[in-house]
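Colleague:
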Amino acid sequence: MKIIVCVKQVPDTETRIRINPEGNGIVDQDVNWVVSPYDEFAIEEALRIKEAKGGEVVLVSLGPDRAQTALRNGLAMGADSAVHLKDAAFDAADTMGVAKALAAAIKGIGGADLVLTGQQGVGGDHSQVPGLLAGLLDLPQVTMAIKIELGEGKATVTREIEGASEVWETALPAVISAQKGLNEPRYASLKGIMAAKKKAIDVKDAAALGLAAADLAPLTTVASLELPPARPAVRMIDGDPETQARELLRLLHEEAKVI
Amino acid sequence: MKSIVTFAEQRDGKLRRPSLEAVSEARRVADAMGGAQVEAVVIGAGSGALAAELGHYGADVVHVFDAAELAHYATEVWARALGQVIGEVKPAAVLIPFTAMGKDLAPRVAAATGAGLVSDCSALAVKDGKLEARRAVYSGKAFATVRWSGEPQMATLRANVFSLATPDTSRAAKTVARTVDAASRAKVTAVNAAAGGKLELTEAQTIVSGGRGMKGPEHFHLVEDLAAAFGAAVGASRAIVDAGWVDHHIQVGQTGKTVSPNLYIACGISGAIQHLAGMSSSRIIVAINKDGDAPIFKVANYGILGDAFEVMPKLTEAAKAYFAAKG
Amino acid sequence: MAERDVLETDVLVVGGGPAGLAAAIRFKDLLDAHNAKAGSKLEASVMVVEKAAEFGAHNLSGAVLDPVSLQELCPDFDAKNAPVSTRVTGDRVYFLTENRSFRLPIVPPPLQNHGNRIISLNQLVKWLAGEAEKRGIDLLAGFPGAEVLYEGDRVVGVRTGDKGIDKHGNKKGNFEAGVDLRAKITILAEGARGSLTKSLVPRLGLDKGRHPQVYSIGIKELWEVPKGTLPRGEVIHTAGFPLEEDTFGGGFIYGFTDTLVSIGLVVGLDYKDPLLDPHGLFQRMKQHPLVKPLLEKGTMVRYGARTIGEGGWYSIPRPYADGVMLIGEAAGYLNPARLKGVHLALKTGMQAAETALEALLADDTSAAKLKAFDDRVRSSYVKDELWKTRNFHAAFKNGLWFALPQLGLQEITGGHGLEDPLEPSAGYAEMQTLARYWGGGLGKDSFERPKADGKLTFDRLTDVYNSGTKHDEDQPAHLHVADPNICETRCKEEFGNPCERFCPAAVYEMVPKGDDPKQERLQINFSNCVHCKTCDVMDPYQIITWVTPEGGGGPRYDDL
Numbered sequence: 000m001k002i003i004v005c006v007k008q009v010p011d012t013e014t015r016i017r018i019n020p021e022g023n024g025i026v027d028q029d030v031n032w033v034v035s036p037y038d039e040f041a042i043e044e045a046l047r048i049k050e051a052k053g054g055e056v057v058l059v060s061l062g063p064d065r066a067q068t069a070l071r072n073g074l075a076m077g078a079d080s081a082v083h084l085k086d087a088a089f090d091a092a093d094t095m096g097v098a099k100a101l102a103a104a105i106k107g108i109g110g111a112d113l114v115l116t117g118q119q120g121v122g123g124d125h126s127q128v129p130g131l132l133a134g135l136l137d138l139p140q141v142t143m144a145i146k147i148e149l150g151e152g153k154a155t156v157t158r159e160i161e162g163a164s165e166v167w168e169t170a171l172p173a174v175i176s177a178q179k180g181l182n183e184p185r186y187a188s189l190k191g192i193m194a195a196k197k198k199a200i201d202v203k204d205a206a207a208l209g210l211a212a213a214d215l216a217p218l219t220t221v222a223s224l225e226l227p228p229a230r231p232a233v234r235m236i237d238g239d240p241e242t243q244a245r246e247l248l249r250l251l252h253e254e255a256k257v258i
Numbered sequence: 000m001k002s003i004v005t006f007a008e009q010r011d012g013k014l015r016r017p018s019l020e021a022v023s024e025a026r027r028v029a030d031a032m033g034g035a036q037v038e039a040v041v042i043g044a045g046s047g048a049l050a051a052e053l054g055h056y057g058a059d060v061v062h063v064f065d066a067a068e069l070a071h072y073a074t075e076v077w078a079r080a081l082g083q084v085i086g087e088v089k090p091a092a093v094l095i096p097f098t099a100m101g102k103d104l105a106p107r108v109a110a111a112t113g114a115g116l117v118s119d120c121s122a123l124a125v126k127d128g129k130l131e132a133r134r135a136v137y138s139g140k141a142f143a144t145v146r147w148s149g150e151p152q153m154a155t156l157r158a159n160v161f162s163l164a165t166p167d168t169s170r171a172a173k174t175v176a177r178t179v180d181a182a183s184r185a186k187v188t189a190v191n192a193a194a195g196g197k198l199e200l201t202e203a204q205t206i207v208s209g210g211r212g213m214k215g216p217e218h219f220h221l222v223e224d225l226a227a228a229f230g231a232a233v234g235a236s237r238a239i240v241d242a243g244w245v246d247h248h249i250q251v252g253q254t255g256k257t258v259s260p261n262l263y264i265a266c267g268i269s270g271a272i273q274h275l276a277g278m279s280s281s282r283i284i285v286a287i288n289k290d291g292d293a294p295i296f297k298v299a300n301y302g303i304l305g306d307a308f309e310v311m312p313k314l315t316e317a318a319k320a321y322f323a324a325k326g
Numbered sequence: 000m001a002e003r004d005v006l007e008t009d010v011l012v013v014g015g016g017p018a019g020l021a022a023a024i025r026f027k028d029l030l031d032a033h034n035a036k037a038g039s040k041l042e043a044s045v046m047v048v049e050k051a052a053e054f055g056a057h058n059l060s061g062a063v064l065d066p067v068s069l070q071e072l073c074p075d076f077d078a079k080n081a082p083v084s085t086r087v088t089g090d091r092v093y094f095l096t097e098n099r100s101f102r103l104p105i106v107p108p109p110l111q112n113h114g115n116r117i118i119s120l121n122q123l124v125k126w127l128a129g130e131a132e133k134r135g136i137d138l139l140a141g142f143p144g145a146e147v148l149y150e151g152d153r154v155v156g157v158r159t160g161d162k163g164i165d166k167h168g169n170k171k172g173n174f175e176a177g178v179d180l181r182a183k184i185t186i187l188a189e190g191a192r193g194s195l196t197k198s199l200v201p202r203l204g205l206d207k208g209r210h211p212q213v214y215s216i217g218i219k220e221l222w223e224v225p226k227g228t229l230p231r232g233e234v235i236h237t238a239g240f241p242l243e244e245d246t247f248g249g250g251f252i253y254g255f256t257d258t259l260v261s262i263g264l265v266v267g268l269d270y271k272d273p274l275l276d277p278h279g280l281f282q283r284m285k286q287h288p289l290v291k292p293l294l295e296k297g298t299m300v301r302y303g304a305r306t307i308g309e310g311g312w313y314s315i316p317r318p319y320a321d322g323v324m325l326i327g328e329a330a331g332y333l334n335p336a337r338l339k340g341v342h343l344a345l346k347t348g349m350q351a352a353e354t355a356l357e358a359l360l361a362d363d364t365s366a367a368k369l370k371a372f373d374d375r376v377r378s379s380y381v382k383d384e385l386w387k388t389r390n391f392h393a394a395f396k397n398g399l400w401f402a403l404p405q406l407g408l409q410e411i412t413g414g415h416g417l418e419d420p421l422e423p424s425a426g427y428a429e430m431q432t433l434a435r436y437w438g439g440g441l442g443k444d445s446f447e448r449p450k451a452d453g454k455l456t457f458d459r460l461t462d463v464y465n466s467g468t469k470h471d472e473d474q475p476a477h478l479h480v481a482d483p484n485i486c487e488t489r490c491k492e493e494f495g496n497p498c499e500r501f502c503p504a505a506v507y508e509m510v511p512k513g514d515d516p517k518q519e520r521l522q523i524n525f526s527n528c529v530h531c532k533t534c535d536v537m538d539p540y541q542i543i544t545w546v547t548p549e550g551g552g553g554p555r556y557d558d559l
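Note that the protein sequences, when read in sequence, are chains A, B and C.
Each residue of the first sequence is one higher than the one before, counting from 0 in numbering that gives the first Met the number 0.
Each residue of the second sequence is one higher than the one before, counting from 0 in numbering that gives the first Met the number 0.
Each residue of the third sequence is one higher than the one before, counting from 0 in numbering that gives the first Met the number 0.
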């Protein structure tokens, strides 16, 4: 069984965000970069499947040099090999460009029996790459999985939806994205880290993936990035507790429109 | 004529509220574009009955895929159906609610149609006839303004943010009955109602949190009761997690979670910077605290200065009544 | 239970600070040089384990670096862009009273910094880690040394901490047992009050005939200020306010870059007043008319705190035993008069590396062979410096005014002064009870901290936030209190729970116990801990033991 896991390196959710002088991105230097937590669920699941059924786990990540740290982390957890997609041409790519590059890389390594991803990359939070990837590879997809059971040539997947869960059956190969709750990722062991240092990371640029500039032209661009507006001054609600309760509900409904 | 396509999600023969928000927003966008047509797409067994309601909220045309084999959502089939309409109508924009289904469906449709997709938008504007979207990034610590370079401009819309249009029952939409190949490699085999499972904090639209002002674990049920009345997830400050009153899984801030729900109700939480960092990007914040100098009031939209033990039961009662009346 | 992994290495360095990394780098350089020569080759591996998630994240210092030993370690450090480019351009020393400042007409020789560099220690350590990585040294971040492995009295390595244990002590689903790292030579480089060093020194009797180590706590903030506020390279030291004359310590303010100012306060952890609050005093220091103008247009961006081993020469234990050497501040190689330890950390690291290679070549890692490390220290500038200042801290025993003439005499007599050696007592033993220091009538609420304004002055939690500290909440507290009963009864009565004040990170908190407001119990907010070790040092009953938390937890210092 060959499992490919797509991994993204993202800012730690506790990182303080500073806007760059161009006003369209964040200042990279102060950022503490980590593997997107949802991708860690995907890696863990891949490793568990490998341990149960045999096979290999290949990681793919797109990003600048620092993305290798994320790949090393996955290799230290136990993945077998890694592919790093790195090209200046990827810098301006949007989700579609990223998905195209990942799809090309997956085809380039001969496809897989299963492609696992996180259900979203923390920070950007687009939740697009799993679906785009499945579409581009023409594979069935099940997103936001909280349980995966593999059968012969198929998988039974439990997926979370609002107020309920769905059980899906999908043919393999397929793209499955991981939701929180799927598993508890392991720590990279000391031995794993030592072993990971010896594993090679295959670096591929756009040309090696057969992608031209036109393929990567973004369909969407961030025109500007701003810090959230200052919060308005608090509105204190007076009266006895019963009046306060009723007035608060009225304001939440009529003014804030959140209920 | 320009058109806006919108996807209306239905479950169990009912249109879900985020779908109605999307149609309402499509109407506003269409009007801002100088009178574009709103074309809604509804898919599912028995969905034909829902066309009229979509008309009330602003759809001009409703494309209906109503067949017995469309009983359960299937990504490939729904994407095929929506792609079919987009291919024919060639809309300027496609609006899809950012729900579990919309999240799953939209990228698949984008891949098939080559549309640029912007996820989880909290505002849309029309500038020079083109869309511009605003969306939260980095857990609400920044906001991006995003533009498209071509058409269709596809966007998924955050739930509970776009206001509902006032339904106009005299408005009638034209209905177009359509069919689609229902073959799919991935299928739903069962749907299980959540067994009263606890709402995941980071996913919740509403959070009710308690802090040291709750005085002891024996009073924490007041927080849970209030959360239940609002259909909210329960959160806690670090102080009471460390004190062992509640489980660390529900901690907000510091090593806990960063949340940005639509509504955050902080009860007896003074608002140490670690907590504020974990929740201050929530859209609306309510603070209930008896210390008027508490930092939580600096980030709150609404404040109640008072004893949480008196206010919370009243608020729980009133919320129960409110939501019961709303249905 | 899964079997514990065992990994073997020739040289194991515990602690990836300046001392540990210098040891690893020097060892590799010497080994490569040896193997480049004709003759017998030696295959030897060196590994560095560090508890922080990343190298440098737990390193904190003022800091003014004397580049002498960096020059020896990496002669081309400037060309290699070592982050030490801010040269000291001016030196000032002030004596402060509450509202006034008096500039000393001359800068006392130990405080003269011509030729030195103002640095961020964690930047330097990150750079050193990069240098180590380039040499192929195994760097393992996120792995604390949790216990020393012995065979008899011989040190044979270190066991790293377990991961994945919940707060009740049960194994979680992702439990990962610590690894036994077995080494021919173990080099302890944990920094001040290292938890392994603390247990190893008495066990092997290395402190026999030595003075107890005395410590200070250093509290530091980094401020972003408008350009032109303080010249880059300017060094200011202060004595006096906010400290009473019976308290050892002083302040520092460094122009780190054009727009970054490092500011901090060092307070001797042998103070007498049980109500003393180092963090509160630091807030007061910032309100002083000399200091406030430097900060009031700026923003505080980072915070950290760390203990400093200030005892000097007489407090350094025998720094070697069978299979083990102690380097840097773990042993106490710090010049208290110059307030500098980084250059000695680098130097003793290098000296240990030289000794380690010799020992491996001779296939003899016994104490007798490793004694060469101590010999190297004694025949180098490390001893010269520490010998001259051997009685520095002890001179303060009776307060600043008694210390000044003694220090003058020490300067003239090469460190001898009036009496040599001046014996210090353990710092915690100096703390007096409330009744003794204040007479009756004072309780723990008697000390008033400056009210935090959120701009110039901050409460502890805000500062902790700016230290980037985090720990997985679901693990056992790593601060062990042997008998919490003492906190609720004796300590409350006798000292007014000084842990609430000496901890600069709001870890210790007495909270109401039940409905009786007079009954309190100790709550340990371990997730705030910045790993400074002050509690382990200063607790008057010595019932607090700091152990390593799960690897990767702790502060995340940046530019500090």
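Ideal Cβ positions, reconstructed from N, Cα and C, are used throughout, including at glycine.
Give the C-beta separation of R134 (chain B) and C120 (chain B) to the nearest angstrom, bearing in mind that I take them to be a contact with Cβ-Cβ under 8 Å.
Modeller: The pair is a contact, with the Cβ atoms about 5 Å apart (cut-off 8 Å).
Colleague: Counting only C-beta atoms, is V155 (chain C) closer than 8 Å to chain A at any point?
Modeller: No, V155 (chain C) lies away from the interface with chain A (no Cβ there is under 8 Å from its Cβ).
Colleague: Assign G561 (chain C) to one of three DSSP states: helix, strand, or coil.
Modeller: It is not possible to answer for residue 561 (chain C), since the shown part of chain C is limited to 0 through 559.
Colleague: Does the pairing of the stretch 22-29 of chain C with the stretch 12-22 of chain B give three or more beta-carbon distances under 8 Å?
Modeller: No, the stretch 22-29 of chain C does not touch the stretch 12-22 of chain B.
Colleague: I need the boundaries of the alpha helix (DSSP H) containing T40 (chain A), first residue and last residue.
Modeller: Here residue 40 (chain A) turns out to be Phe, not Thr, going by the sequence shown. Note, F40 (chain A): alpha helix (DSSP H), 36-52.
Colleague: What is the residue span of the alpha helix (DSSP H) that V341 (chain C) lies within?
Modeller: Unbroken alpha helix (DSSP H) run through V341 (chain C): 341-360.
Colleague: Can the beta-carbon of A176 (chain B) be found less than 8 Å from the beta-carbon of E68 (chain B)?
Modeller: Their beta carbons are not under 8 Å apart, which means A176 (chain B) does not touch E68 (chain B) by this criterion.
Colleague: When the distance is taken between beta carbons, is A75 (chain A) closer than 8 Å to I200 (chain A)?
Modeller: No, they are not a contact pair.
Colleague: So which residues on chain B does G122 (chain A) lean against when the C-beta distance must stay under 7 Å?
Modeller: Per Cβ cutoff of 7 Å: V136, Y137.
Colleague: If we ignore side chains and look at the alpha-carbon of each, how far apart do G553 (chain C) and T178 (chain B) end up?
Modeller: If you take the alpha carbons of G553 (chain C) and T178 (chain B), they lie about 60 Å apart.
Colleague: Roughly how many angstroms separate the alpha carbons of P107 (chain C) and L180 (chain C), rounded to a whole number?
Modeller: Straight-line Cα distance between these residues: approximately 46 Å.
Colleague: Is V310 (chain B) helix, strand or coil when you go by DSSP?
Modeller: In this structure, V310 (chain B) counts as helix in the three-state DSSP scheme.
Colleague: Is the beta carbon of L264 (chain C) less than 8 Å from the beta carbon of G279 (chain C)?
Modeller: Their beta carbons are not under 8 Å apart, which means L264 (chain C) does not touch G279 (chain C) by this criterion.
Colleague: So H218 (chain B) contacts chain C; which residues on that side make the cut at Cβ distance below 7 Å?
Modeller: Chain C residues near H218 (chain B): none, gap ~12 Å exceeds 7 Å.
Colleague: Would you kindly report the start and end of the unbroken beta strand (DSSP E) that includes G139 (chain B)?
Modeller: From DSSP, G139 (chain B) is part of no beta strand (DSSP E); its letter is neither H nor E.
Colleague: Give the residues from the stretch 176-204 of chain A that approach chain C closer than 7 Å (Cβ to any Cβ), ordered along the chain.
Modeller: For the stretch 176-204 of chain A, which is checked against every Cβ of chain C, the residues closer than 7 Å are E183, P184, R185, Y186, S188, L189, K190, I192, M193.
Colleague: Is the beta carbon of E146 (chain C) less than 8 Å from the beta carbon of D161 (chain C)?
Modeller: Contact: no.
Colleague: Do you know offhand how far D30 (chain B)'s Cα is from Q83 (chain B)'s?
Modeller: Answer to the nearest angstrom: the Cα atoms are 24 Å apart.
Colleague: Quick one: which residues of the stretch 181-212 of chain C get their C-beta closer than 7 Å to a C-beta of chain A? List them in chain order.
Modeller: Those residues of the stretch 181-212 of chain C that come within reach of chain A (Cβ to Cβ, closer than 7 Å) do not exist; the list is empty.
Colleague: Could one say the Cβ of T219 (chain A) lies closer than 8 Å to chain B's Cβ atoms, at least one of them?
Modeller: It does; some Cβ of chain B falls within 8 Å.
Colleague: Taking DSSP as the reference, what is the three-state secondary structure of A425 (chain C)?
Modeller: In the structure shown, A425 (chain C) sits in coil (DSSP, three-state: anything other than H, G, I, E or B).
Colleague: Would a C-beta distance cut-off of 8 Å place Y319 (chain C) and A366 (chain C) closer than the cut-off?
Modeller: Taking 8 Å as the Cβ cut-off, Y319 (chain C) and A366 (chain C) qualify as a contacting pair.
Colleague: Quick one: grab the DSSP three-state call for K7 (chain A).
Modeller: The answer is coil: DSSP assigns K7 (chain A) none of H, G, I, E or B.
Colleague: List, in order along the chain, the chain C residues whose C-beta lies closer than 8 Å to that of D29 (chain A)?
Modeller: Here the neighbours are D557.
Colleague: Using the Cα positions of G303 (chain C) and F457 (chain C), report the straight-line distance between them to the nearest angstrom.
Modeller: Roughly 13 Å separates the two Cα atoms.
Colleague: In whole angstroms, give me the CA-to-CA distance for T14 (chain A) and T468 (chain C).
Modeller: Going from the Cα of T14 (chain A) to the Cα of T468 (chain C) covers about 12 Å.
Colleague: Check whether the Cβ atoms of A384 (chain C) and N465 (chain C) sit closer than 8 Å, and answer yes or no.
Modeller: A small fix is needed here, since residue 384 (chain C) is Glu in this sequence, not Ala. Cβ distance not < 8 Å, so E384 (chain C) and N465 (chain C) don't count as in contact.
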